[in-house]
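Peer 1: Residue numbers (the working numbering): 69 to 126.
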Amino acid sequence: MKWDSTVAYRNSDGTLVLIAANTGTEGKTFKVRQGSKVFTATLPSKSAATFQWNPAAS
Numbered sequence: 069m070k071w072d073s074t075v076a077y078r079n080s081d082g083t084l085v086l087i088a089a090n091t092g093t094e095g096k097t098f099k100v101r102q103g104s105k106v107f108t109a110t111l112p113s114k115s116a117a118t119f120q121w122n123p124a125a126s
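1) Where does the unbroken beta strand (DSSP E) through A116 begin, and where does it stop?
2) Candidates D81, T93, V106, V100: which alpha carbon is nearest T74's?
3) Thinking C-alpha only, which one of D81, N90, F98 is nearest A116?
4) With distances taken Cα to Cα, identify the nearest neighbour of K105 among Y77, K96, S80, L84.
5) Skipping 5 residues on each side, what residues in its chain have a beta carbon closer than 8 Å to that of R78?
Here it is, written out as structure tokens:
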């Protein structure tokens, strides 16, 4: 799966951020892994989303 645009970074408070954009004509489902933590998300066509999480949280 090719993404149109993604960027990830760490905030000064230690949280991680992922911004993903889907400019395609179909929805895209993906998994994000950081250490032992995993989450799944789906972006509809022509949409963008921001995800933020604390890697130290249980």
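Backbone N, C-alpha and C define an ideal beta-carbon position, used for all residues, glycine too.
Peer 2: So, from the data block:
1) Position 48 of the sequence shown, counted from the start, is the residue given in the question as residue 116. Per DSSP, A116 belongs to the beta strand (DSSP E) from 115-121.
2) Residue 74 sits at position 6 when you count from the first residue of the sequence shown. If we check each option's Cα against that of T74, V100 comes out closest.
3) Translated into positions along the sequence shown, residue 116 becomes position 48. Nearest of D81, N90, F98 to A116, Cα basis: N90.
4) For the purposes of this step, residue 105 is taken as residue 37 along the sequence shown, with counting starting at 1. Here the closest residue by C-alpha is L84.
5) As a first step, residue 78 must be located in the sequence shown, where it is residue number 10. The residues L84, V85, in chain order, have a CB closer than 8 Å to that of R78 in the same chain once the five nearest residues on each side in sequence are set aside.
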